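Residue numbers (full-length UniProt numbering): 57 to 878. First comes the structure, then the notes that go with it.
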Ligand code: 26W
């Protein structure tokens, strides 16, 4: 009999030290005498990992035994950030580690910083997936994430002479949080052809033959819940050459090099995360990534279901699969293929199962982000899937034709195949047709998809198929971990940390808005967080900023629709105003620090130009003696999750200023408000619901409304209109070379002056400037500002990702938690 394995549990600092030292000496084979910070990090991580693993195994056994419906969250991106602090706070015993490390001569904050971010995502969509995993585990849902194990995550951004330079992010050197499962592999087929015939019974059979095989290997990452023993699994697939006859023979024939080349080609599939955010560029390798990941995941899910020995009709009672945007839409086709080609089900029976299984979340309405794949490319790479798509489309169009016989034009509008040259497969339409629910990520966005891009489908399916689940964020990472002092202050008033699992409890702190001591502490914590950020700014840019100044922050991917150009034009306007002021006037002005951060997609020239302009403006403004502390302009390089944890708690004001109707939700807006910052923003995405929750007097809204955008754009192109005079003065300054060679920025200016100002920068400029003046006035009254800050935090309960997960569970998945017994 096996002796039952028990983990080396620890609760005291001595016990922690014993575990960490054991790992440093044996697992890492390092001597304690040359233990540096990286070794101390590794030992600490491995000590906590041991504890996670035990609960992880137990959770998986419990979930298997409970035999209940599971959720599978399919996402091409999981932007996890660092894991150690999260593990310590969730498992508990962070203090034991802190004291233990301190005795060994280390500060725990320095040790935490040794870990590299797991940056397997671009932005909002990937970070949302990470927050959802945290909530699913914390709420005891039996859930798995499925993704790709990229060898290179999102590139690292360096700023050289004001320009963005991309550096590859090879992050896997030492990753204690992943467990390779060399025994869990799936063979994935590409290319080849389809042979169709009738079998003895007269049944039509399709066989997908030939082509090439690549192997998918599972790597598992434990996802601990907060204040629960539930530890879920994130399974990431890595590609490698299949170890079959083929390369073996080549090898024997002495074709060593070509056998290695095959291997490299296979490994390319999971090599790199595509760095585009909200931009689709039909590359074959991307479709290969999608199918590779989807096919491996579905094989795994089906294999697990088959072990329960149930009839196929029970599949949707055991399995809910959520499609994080259209990237995993091939899963719809793959499941239909498995059911009809491999399991022998009839088409209709299979299709019913498919539709009941899937839900689809849409994250963008930008036309350039909607996935479409050329039919010829599809035909070559996935010939059988293309046939199935054609059949899905045929049956769908037939049913539409029957129900709407008088609306023949609708057929080409809703067809999965776009009749262009070449023809294209519209993935969003396939996702809608293959799912039982479709949701947007904020109320405005969910309304917009119903009235614009998916309008016809609302008519076809009725409004009930379409729903809204407003995004949320995990308060564990974005309050507990990022802002421990604020969290502690709140806990001291609420009598504990229960609010981290029921964020609506935050409402209780509103009773302290007039409590002088509370307010003072609130203010001190914000100041300390600003000092912490000021230190990072000094270290990375060399610029000293005054922590008493108003910190005005915009951090997110650089994109024209997010309008960092509006922000920097506003900054230039402020600079020009300061230059023309008398000394007396300057004294009345509230000092500001304008902070920017975010990556531009490597091929997005306009976004890169915006970064360049921000840096050039900073170089001028930050060295202008007339300006001094009144204005500083900072571009923080390489914005990522761990930087966000420092930045979000340090804002007085953050900017969420997208053209109305373009930002599906936004989630950093929630992070900033939860940390006591106020927002300047447009009536877009979740800003609208944030306003509803915290009150209109606690947010600085400006700009045109979504309903007016279309008409304004039309007017720009076909009417007579004049640009905002203050904006023209900003352009004059740029053109006169105030911020370096004007030619470098002509594209940015011309987009507004000559090319129709698609994002309505000029239309919103005046109200943006005016609203910033209101911010200045409001900031002068610190007592009222603090009231706004406290009230806002108190009213943010709605935006926990726990609430989102509950809504998905009730509205879309129909799953129940499986809590640990005890
Ligand atoms: C195929 C290229 C591509 C890559 C990523 C197209 C689209 C995407 C994502 C859907 C873009 C994205 O991250 N969207 C963001 O999703 C967040 C989470 O719902 C929202 O908060 C953001 O508003 C939305 O821009």
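We put the CB at the ideal spot given by N, CA and C, even for glycine. Given the structure is predicted, the values throughout are model-derived calculations rather than measurements.
Residue state for residue 394 is assigned as helix, using DSSP reduced to three classes. Here the distance from the Cβ of residue 560 to the nearest heavy atom of the ligand 26W is not below 7 Å.
Not one heavy atom of the ligand 26W falls within 7 Å of the beta-carbon of residue 697. Boundaries of the alpha helix (DSSP H) around residue 372: 371-374. Restricting attention to 748, 396 and 314, the CA atom closest to the CA of residue 368 is found in 396. DSSP places residue 272 within a strand segment (E or B) once states are collapsed to three.
If the five residues before and after residue 470 are omitted, its C-beta is found closer than 6 Å to the C-beta atoms of 512, all from its own chain and listed in chain order. Counting only residues of its own chain and dropping the five nearest sequence neighbours on each side, residue 865 has a CB closer than 7 Å to the CB of 197 and 871. Scanning 240, 690 and 158 for the CA closest to the CA of residue 357 turns up 240. Here the region 413-428 does not lie against the region 277-291, with fewer than 3 beta-carbon pairs under 8 Å apart. Per DSSP, reduced to three states, the secondary structure at residue 652 is strand. Contact between the region 828-845 and the region 165-178 is not established, with fewer than three Cβ pairs separated by less than 8 Å. Following the DSSP letters along the chain, one finds residue 233 in no beta strand (DSSP E), marked with neither H nor E.
Taking a contact as a CB-CB distance under 8 Å, the pair residue 100 and residue 140 counts as one, their CB atoms being some 7 Å apart. Taking the CA atoms as reference points, residue 633 sits about 10 Å from residue 683.
Non-local C-beta neighbours of residue 742 in its own chain, meaning closer than 7 Å and more than five positions away in sequence, comprise 498, 526, 527, 721, 722, 725 and 726, ordered along the chain. In this structure the region 681-696 touches the region 643-654; the number of beta carbon pairs closer than 8 Å is three or more.
Boundaries of the beta strand (DSSP E) harbouring residue 710: 709-712, taken from the DSSP string. Between the alpha carbons of residue 355 and residue 242 lies a gap of roughly 7 Å. Residue nearest to residue 393 within the set 537, 382 and 406 is 406 (criterion: CA-CA distance).
For residue 720, no beta strand (DSSP E) run applies, since DSSP gives it neither H nor E. Residue 133 sits in coil when the DSSP states are folded into three classes, being neither helix nor strand.
DSSP places residue 239 within a strand segment (E or B) once states are collapsed to three.
One Cα belongs to residue 570, the other to residue 750, and the distance between them is close to 17 Å. When DSSP reads this structure, residue 216 sits in a beta bridge with 219.
Annotation: residue 523 is outside any alpha helix (DSSP H); the continuous beta strand (DSSP E) that includes it extends over 522-524. Annotated three-state conformation of residue 378 is strand, per DSSP.
Taking the Cα of residue 829 as reference, the smallest distance to any Cα among 678, 544 and 606 is reached at 606.
Cβ atoms of residue 482 and residue 472 come within 8 Å of each other, at about 6 Å. Note on geometry: alpha-carbon atoms of residue 801 and residue 329 lie some 30 Å from one another.
Cβ neighbours of residue 260 within its own chain (closer than 7 Å, five residues either side excluded): 252 and 254. For residue 202, there is no enclosing alpha helix (DSSP H); the enclosing beta strand (DSSP E) covers residues 199-204. Runs of the alpha helix (DSSP H) spanning 4 or more residues and lying entirely within the region 607-687 occur at 620-635, 639-644 and 661-677, in chain order. When the five nearest sequence neighbours on each side are left out, the beta carbons in the same chain lying within less than 7 Å of the beta carbon of residue 228 are those of 207, in order along the chain. Contact between residue 296 and residue 322 holds: CB atoms are separated by about 6 Å, below the 8 Å threshold. When secondary structure is reduced to three states using DSSP, residue 383 falls in the coil class, being assigned neither helix nor strand.
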